[in-house]
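Under the UniProt record's numbering, the residue at position 98 of the sequence shown is numbered 98, and the numbers go up by one with no gaps.
Below is one structure, written out as structure tokens; the observations come after it.
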Amino acid sequence: MTPQPPLTRRQRQILDFYQTYTEEHQLSPTLEEVAQHFGLNKVTIFGHVSELERKGALVRSGKGISRALQLPDDDPDGSVAAARDGYSIPLLGRIAAGAPLEVLECPESFDLGDLMPKDQDVYALRVTGDSMIEDGIHDGDLVIVEPRKTAKPGATIVAILPGDVTEETTLKRYYPMKNGVRLEPANSSLAPIFAPSIEIRGVVIGVIRQLPR
């Protein structure tokens, strides 16, 4: 049997929480419940949970979207394998395209069907604000994000900005500098954000817009 990749300290803490919560409630926690327990936002938790799934420590079932991840031993009926025939991605919340804001709970899911490769690890965020309109990203659009910790200069990224009380999340073009980072809006009427450091949570690889009927 191939050994599982080692877990980080935070991943082990999250996995332990899944174990404890499942034993107490007979079902797995939602991303929101995990985020509340650790005092982190859902984008941060999603990154850790995605790694746990990639390493085989958590598996995805078909028993509802909000509680789809569970421990491997909790799939005696094979529903995890059956769920792989379908494909949906979590809609984690709203992402600021103006002033940064904390990611908000948005208990939805978005079924992409055949629009994307089924083996691609992506999630969706709904845009609020107009700071990216010159890149064709408008208020209310869904951006499709591939989780990454690095990005090329000029890429549109999901950036985590450290705050005094909570982390803030924003969508901007990424330009590394000698003494920090410049986050550039795609709106000539808005000023860029300069930060000594940020955390990259993903790179935008697509935009989905629903037009009025």
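Every residue, glycine too, gets a C-beta built ideally from N, C-alpha and C.
Check your understanding: Which two residues bound the contiguous beta strand (DSSP E) that contains E199?
Key -> Here residue 199 is taken as the residue at index 199 of the sequence shown, counted from 1. Its beta strand (DSSP E) spans residues 199 to 208.
Check your understanding: Cβ of D121 within 8 Å of Cβ of A97?
Key -> On the sequence shown, residue 121 is found 121 positions in, with the first residue counted as 1. On the sequence shown, residue 97 is found 97 positions in, with the first residue counted as 1. No. Outside cutoff.
Practice item. Would you tell me roughly how many angstroms separate the C-alpha atoms of E24 and L211, rounded to the nearest one? Key: Counting from 1 along the sequence shown, the entry for residue 24 is found at position 24. Counting from 1 along the sequence shown, the entry for residue 211 is found at position 211. Roughly 44 Å between the two C-alpha positions.
Check your understanding: Would DSSP call R94 helix, strand or coil?
Key -> Here residue 94 is taken as the residue at index 94 of the sequence shown, counted from 1. DSSP places R94 in strand when its eight states are reduced to three.
Exercise for review: Determine the contact status of L7 and V43, defining contact as a CB-CB distance below 8 Å.
Suggested key: Reading the sequence shown from its first residue, position 7 is the one you call residue 7. Reading the sequence shown from its first residue, position 43 is the one you call residue 43. Cβ distance not < 8 Å, so L7 and V43 don't count as in contact.
Review point. Looking only at its own chain, which residues have a Cβ that is under 6 Å from the Cβ of A155, when we skip the five neighbours before and after it?
Key: Against the sequence shown, residue 155 aligns to sequence position 155. Only Y174, V203 meet the Cβ criterion.
Exercise for review: Tell me the start and end of each unbroken alpha helix (DSSP H) in the UniProt domain "LexA repressor DNA-binding" (6 to 67) that is at least 4 residues and wholly inside, in chain order.
Suggested key: 9 to 25, 31 to 38, 42 to 54
Point to revise | Burial state of residue 299 (16 or more Cβ within 10 Å) | key: Limits of the chain in this structure are 1 at one end and 213 at the other, which puts residue 299 out of reach.
Exercise for review: Would you grab the beta carbon distance between R201 and I137 for me? Rounded to a whole angstrom, and I think it's under 8 Å.
Suggested key: Residue numbering aside, residue 201 sits at position 201 when the sequence shown is read from its first letter. Residue numbering aside, residue 137 sits at position 137 when the sequence shown is read from its first letter. Going by Cβ atoms, the distance from R201 to I137 rounds to 17 Å, so no, they are not a contact pair.
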